[in-house]
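Below is one structure, written out as structure tokens; the observations come after it.
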Amino acid sequence: MPYLRLPLLTILFVASLSAQSWIKIDSVFSPFGVTAENFSAPEYCDLDGDGDLDLIVGSTGNRIEYFKNIGNKTSPTYRKDTTMFSFIYENGYQFTNASYPALVDLDNDNDYDLIIGGFTGLHLYWNLGDSTTVDWLRDSTFFNSVNAQIGSDAEPAFADLDGDGDQDLVCGIGESLLGGPTPGIFLAFRNVGNAASPLFSADNSLITGIPDVGLNAYPAFCDLDKDGDQDLVIGRDLQSLLVYKNNGTAAAPVWVSTNGLVSPVEVTTYWKNPVLADLDGDGDPDLTYGTSDGTIKYYRNIGTASSPTFQVYTAFFQMIRTDGNAANVSIADFDKDKDLDFISGDWLGGIQYFRNDGDSIHPNFIRTTSSFTSLDAGSYSTPVFVDIDKDGDQDIVSGELLGTLRLWINNNGTFSANTTMFAGIDCGYRSAPAFTDIDNDGDLDMLLGSEESAQLKFYKNNGANVFTPNDTLLAGIGGTYVAYPTFVDLDKDGDMDLAVGGGFGDLFYYENTGTPNAPVWSRNDARMYPVEVRQGAAAGFADFDGDGRADMIIGQYNGNFTFYKNAAPASVRQNSAAAPGDFRLLQNYPNPFNPSTTIQFTLGSAGQTTMTVHDLLGRTVAVLHNGTLSAG
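This is the structure we're talking about:
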């Protein structure tokens, strides 16, 4: 049996071509591996028993996400792992909406059980596995009596508040359109069972002195002063965090407001959902909280375990996204430095610039300002780069909420509005333009997306930038709610194909099976497999890694971007040689690599064999073997 030993590398082993055309690479827009979802609710727990804290994030996305810590307890780095909660969502989302995850050992069996709070109350999943391998079992009735009292937007927090060795429960009440208790209050439930068999009974004496904090209340417990009892940190909307120290005992809390204990914390963020955990392994609790736009704020404790001092650390949990919602993508080398930048609109009418400070094969995007970022493009702006006047620089055309188009001509970096070229063009609502020379006559034609399917329109350019509707060019193209069109030649046949994203996360692909002069559209959504977007898919295509294939960036309604590497074969060559029979690639060991790994494989027959290692961007890291191997 052949084997190969490799040094420590992050690799993608390619043994054969796959039907999968796209590889999602979160690190392009989330360097620490954590992606953002609106109204994020972080929680930390060592779910895999490797001695460091993993991250679990709830959101309004109808499911919680697990990010495995692939670093260590002093220097965490995260990678999304969908298998951790695959059982919970194997039959689809649970529709808990504003999901608040909490992990606590409710049955005293030395592993963590999972509680998810949201619009449908608290959901309990017992962990029947152990501290290294989870095995979830849903208990659909356990919290029935609690759910009848907490309403439709309650965040759970667990702590032993009466010193009896079991976990009590405090719920912060949020603002919900579905009704419930007064937003901003707290409801407490004493565990009148025991550590192995919990039973929760309403008892607000556990939180005597904790006030209504207004609209939304987000509780978190932690022993901030190292005196052996639990203190309470409260998140609020658009305000600082509140701290109530326990000046009583572990068995009889006395809550006293303590201003400034977790200061300074900014006061502009809507939705502060705090959690305290030791993220840098120095023995004291650090502070993080989720926000309405999904970014996670991190404050490192530079004090001690008994006297904390929190300092904001912006580099951690860095997420490259729009400031606001309704992201979209248009790609060009705006600054002419031989790599590709992009712009995005947003729901407030901005034009946001993401400059590539990497190079033509290693993208590194930085959101920054430019001469056009102060332009007002109208609500739900959809700007695109296009050289409309053929002077060699990028002009900007933008759609907007009311269905019209706005044009700015670039004159050596100064943008001037042109109100005549697209005057009279109006698609009703949510205009989104895309340009290409669809008839190969040397000028740019336009496909205009809109909110309503019936308003999708092609405009032919008569050669002098006069755009006339031409419905014949639409034959074979279906509409979708809030269409975001873009052109790309994915099949590399010399004509432009069409991708159309939609407001519900749809992404349709239309191959041009005609010619560069006369398009014929044939829908082929298999080209987009396995891309998945929850809401608002606005795609842009370009080759970011220099392999000759168009990669994809998708802007989403929540303001995030997702990068997909194009993993389709660049070309296909006929080869009459028979494929090797009974080829098997075995599990590498050790896994994970430490500091190297051994890869074993078997061949059913002797033959010419080439084995290569690639990184996640498809670049060749090493050629392991290129020659003849015997069977075995």
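Numbering (my numbering), first residue to last: 757 to 1388.
Glycine residues also receive a C-beta, built at the ideal position from the N, C-alpha and C atoms.
Pairwise C-beta distances place the segment 1246-1264 out of contact with the segment 1215-1222, as fewer than three of them are shorter than 8 angstroms.
Here residue 829 is not near residue 814, since their CB atoms are 8 angstroms or more apart. In this structure, the alpha-carbon of residue 1099 lies about 43 angstroms from that of residue 889. In terms of Cβ geometry, residue 1029 and residue 1055 do not form a close pair [threshold 8 angstroms]. The criterion of a C-beta distance shorter than 8 angstroms is not satisfied by residue 788 and residue 1110. The straight-line gap separating the alpha-carbon atoms of residue 1003 and residue 1114 is approximately 53 angstroms. The three-state secondary structure of residue 1075, taken from DSSP, is coil. Within the segment 1108-1135, the beta strand (DSSP E) runs of at least 3 residues that lie entirely inside it are, in chain order, 1121-1124. Secondary-structure assignment with DSSP links residue 778 through a beta bridge to 1322.
1259 is the residue among 866, 1259, 897 whose C-alpha sits nearest the C-alpha of residue 1084. Taken through DSSP and simplified to helix, strand or coil, residue 1255 comes out as strand. Pairing residue 822 with residue 799, the inter-Cα distance amounts to about 10 angstroms. A contact is defined here as three or more CB-CB pairs under 8 angstroms, and the segment 1112-1126 fails this definition with respect to the segment 1142-1153. Here residue 1312 is bridged, per DSSP, to 1293. Burial of residue 1289 is indicated by the presence of at least 16 other C-beta atoms within 10 angstroms of its C-beta.
Looking at the DSSP output, residue 926 sits in a beta bridge with 913, 944. Our two residues, residue 825 and residue 1120, have alpha carbons roughly 23 angstroms apart in a direct line. Looking at 1192, 1196, 1159, the one whose alpha-carbon comes closest to that of residue 1208 is 1159. For residue 872, the enclosing beta strand (DSSP E) covers residues 869-874.
Pairing residue 1312 with residue 1293 gives a Cβ-Cβ distance under 8 angstroms. Excluding its 5 nearest sequence neighbours in each direction, residue 893 has C-beta neighbours in its own chain below 7 angstroms: 881, 882, 884, listed in chain order.
Take residue 820, set aside five residues on each side of it, and the residues of its chain with a beta-carbon closer than 7 angstroms to its own are 812, 813, 814, 841, 855, 857, 872, in chain order. It is roughly 17 angstroms from the alpha-carbon of residue 1325 to the alpha-carbon of residue 1280. Taken atom to atom, the span from the alpha-carbon of residue 869 to that of residue 910 is near 18 angstroms. Annotation: the continuous beta strand (DSSP E) that includes residue 1067 extends over 1066-1068.
Between residue 1319 and residue 784, the C-beta spacing is below 8 angstroms. Residue 976 places its beta carbon 8 angstroms or farther from that of residue 1010. Spanning the alpha carbons of residue 786 and residue 1076 requires a straight line of approximately 6 angstroms. For the pair residue 866 and residue 1087, the Cα-to-Cα distance works out to about 51 angstroms. Looking at the backbone, the Cα of residue 1226 and that of residue 1213 are separated by about 8 angstroms.
Contact between the segment 994-1002 and the segment 1011-1030 is present, with at least three C-beta pairs closer than 8 angstroms.
Here the alpha carbons of residue 912 and residue 1139 stand approximately 42 angstroms from one another. Residue burial annotation: residue 974 is buried, with at least 16 other C-beta atoms found within 10 angstroms of its C-beta. Straight across, the Cα-Cα distance linking residue 844 with residue 778 is about 26 angstroms. In the structure shown, residue 1165 falls within a strand segment according to DSSP collapsed to helix, strand and coil. Collapsing the DSSP output to three states places residue 989 in a strand.
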